[in-house]
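As given, the protein sequences belong to chains A and B, one line each in that order.
First residue of the first sequence: 285, per my numbering; consecutive thereafter.
First residue of the second sequence: 285, per my numbering; consecutive thereafter.
Built from N, CA and C at the ideal position, the CB exists for glycine as well.
Computed from a prediction, not measured in an experiment: that's the story for all the values here.
Number of protein chains: 2
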Amino acid sequence: MRNTKADRRSQRTRGLLSGALVALMVEQRYDEITIQDIINRANVGRSTFYAHYLDKEDLLVSNFTRTIDSLIDHGDPGTRPGLAPFFRHVQSQQQLYKALVRGGGIDLLYKKSQAHIQRSIKTYLEALIPAGQPPAAPVDLIAECMAGTMLTMLKWWLDHEMPRSPEEMDRLFHDLMLPGIVATLQITPGPP
Amino acid sequence: MRNTKADRRSQRTRGLLSGALVALMVEQRYDEITIQDIINRANVGRSTFYAHYLDKEDLLVSNFTRTIDSLIDHGDPGTRPGLAPFFRHVQSQQQLYKALVRGGGIDLLYKKSQAHIQRSIKTYLEALIPAGQPPAAPVDLIAECMAGTMLTMLKWWLDHEMPRSPEEMDRLFHDLMLPGIVATLQITPGPP
DNA sequence: TCGATACTGTACAATGTGTTCGATAGAAAC
DNA sequence: GTTTCTATCGAACACATTGTACAGTATCGA
């Protein structure tokens, strides 16, 4: 029920279901959408849905894991200088992300990807600590706080009709978090 | 259906229902608990439940709003010097809070109380800004980030069997957040 | 004691979920 | 072009949960 990628019909069905979910999410909260709604909108049989996905959440995750991953890759301070690309990416698909924020879908996706996100940030942080020096604070906790703050900022930004530019949001994040991280981990500040 | 406080029977029923919810939350995730489970455990008729509460969430909120409020009052940096009392309070009722964190109930309560929490923090922050000076950053965003970080730390602490003392957690929070707040709002640092 | 009201227990309709299965249409393989 | 897969359909099914209704009973407060 999952090695169904090759067949053109499967691709079609998956596309229809994803599209229906997105369309519905723009109209109403994610958690109020039923599987019945989705298959009605997609014009797909009930059993067909279950041939592809376990449940509604599986559909959401399957379709947005890649989106979230690209979001991390854009924004991860470990590989990129800042969060501006992160916010630009969100801005370019604001309808989708607004829908995700409104309906609580973003929290679900965050939970699913948290391990990934956190690992990424933790690696970044550990690279900042001089070798041999024991961390002055739990690095995983700091990483969680960073990821959480990023999410909070993202939500606030979308909820308030994006009143600041991606560059300003990036600046805000750095001003708010970096001094504390430097102090907590007892490291020397990196590049601005 | 709500002015039912005086009658001893009502108090009894409410007590039974709250107790059943808490007991069940210790055993299994909040979101997996059904109303049927609750009334079975409480030994209360189905219609009686609906005579008191609208749904499961209403029961949760009704019973824990006071708990959460006291939590804020303990921890609010606006009225208290630090978060140590906050973490001590959680520690003293760790079973309950662990259950809330595990089952996702804490997120629900957080959403319900967020307006209250945020207002409290915002007031505190605004008091730090010299009169007449326009804030250098959106104060409500900073407040949200602070509240979010407090919640993140709370979850981490409980998920990791509380490896640090309440005083250390307080210290960590201040070291992590205060420098950034001072920098972002362009204010002078307050008492340690 | 008596009137008010909270509780019980059951039945009920409505909704959503996930599964099953034979028939059909469409894809891929040759 | 024929054959062989296989994805889809559609309907039926069992099941769980929710929220409401109502008549009888128990308990409360005065």
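Residue burial annotation: VAL423/A is buried, with at least 16 other C-beta atoms found within 10 angstroms of its C-beta. Annotation note: the region 306-392 of chain A contains the following uninterrupted alpha helix (DSSP H) runs of length 4 or greater, listed N- to C-terminal: 319-326, 330-336, 340-359, 368-376 and 378-387. Not a single CB atom of chain A sits nearer than 8 Å to the CB of ASP342/B. Apart from the 5 residues on each side of it in sequence, GLN470/B sits with its Cβ closer than 6 Å to the Cβ of ALA420 in its chain, given in chain order. Of all residues in the region 459-472 of chain B, only ASP459, LEU460, MET461, LEU462, PRO463, GLY464, ILE465, VAL466, ALA467 and THR468 place a beta-carbon less than 9 Å from a beta-carbon of chain A.
Membership of ALA421/A in any alpha helix (DSSP H) is not indicated, and neither H nor E is assigned to it by DSSP.
Within the region 303-327 of chain B, no residue has a Cβ lying closer than 7 Å to any Cβ of chain A. Check the Cα spacing between MET309/A and each of ALA335/A, PHE348/A, ALA399/A and GLU452/A: the tightest is with PHE348/A.
Per DSSP, ALA467/A is one residue of the alpha helix (DSSP H) stretching across 450-469. For SER404/B, the number of other beta carbons within 10 angstroms of its own is at least 16, and it is reported as buried.
Here ASP291/B carries a coil assignment [DSSP, helix/strand/coil]. Distances from the alpha-carbon of LEU460/B to those of THR407/B, GLY432/B, MET446/B and GLN379/B put GLY432/B closest. Under the three-state reduction of DSSP output, GLU445/B falls in the coil class, being neither helix nor strand.
Distance between LYS396/A and ARG293/B, taken at the CA atoms: about 44 Å. For MET437/A, the C-beta contacts it makes with chain B under 9 Å involve LEU425, GLU428 and CYS429, in order along the chain.
Between PRO450/A and ALA368/A, the gap from beta carbon to beta carbon is short of 8 Å. Under the three-pair Cβ rule at 8 Å, the region 320-337 of chain B does not count as touching the region 367-384 of chain B. Counting every other CB atom within 10 Å of its CB across the protein chains shown gives GLU428/B a total of 16 or more, marking it as buried. Think of a sphere of 7 Å around the beta carbon of THR433/A: the chain B residues whose beta carbon falls inside it are CYS429, GLY432 and THR433, in chain order. The C-alpha of ARG313/A is placed about 29 Å away from the C-alpha of LEU456/A. Taking 8 Å as the CB threshold, LEU338/B stays off the interface with chain A. Look at THR436/A here: in three-state DSSP terms it is helix. Scanning LEU300/A, GLY464/A and LYS439/A for the CA closest to the CA of LYS382/A turns up LYS439/A. Classified as buried, ALA304/A has 16 or more neighbouring CB atoms from the shown chains inside 10 Å of its CB. Not one beta carbon of chain B lies nearer than 8 Å to the beta carbon of LEU412/A. Between LYS406/A and LEU412/A, the alpha-carbon positions lie close to 10 Å from each other. Here the alpha carbon of ILE401/B sits roughly 15 Å from the alpha carbon of THR436/B.
A Cβ-Cβ contact shorter than 8 Å links VAL328/A with LEU300/A. Chain B places a beta carbon closer than 8 Å to that of ALA421/A, counting this residue as a contact. Proximity of LEU456/A to chain B, defined by a Cβ-Cβ separation below 8 Å, is satisfied. Ranked by Cα distance from ALA467/B, the options HIS458/A, GLY387/A and MET430/A are led by HIS458/A.
Across the set PRO414/A, THR351/A and ASP342/A, the C-alpha of THR351/A shows the shortest separation from the C-alpha of GLN377/A. When the alpha-carbon of SER302/A is set against those of ASP291/A, SER331/A, ALA290/A and GLU341/A, the nearest one is in GLU341/A.
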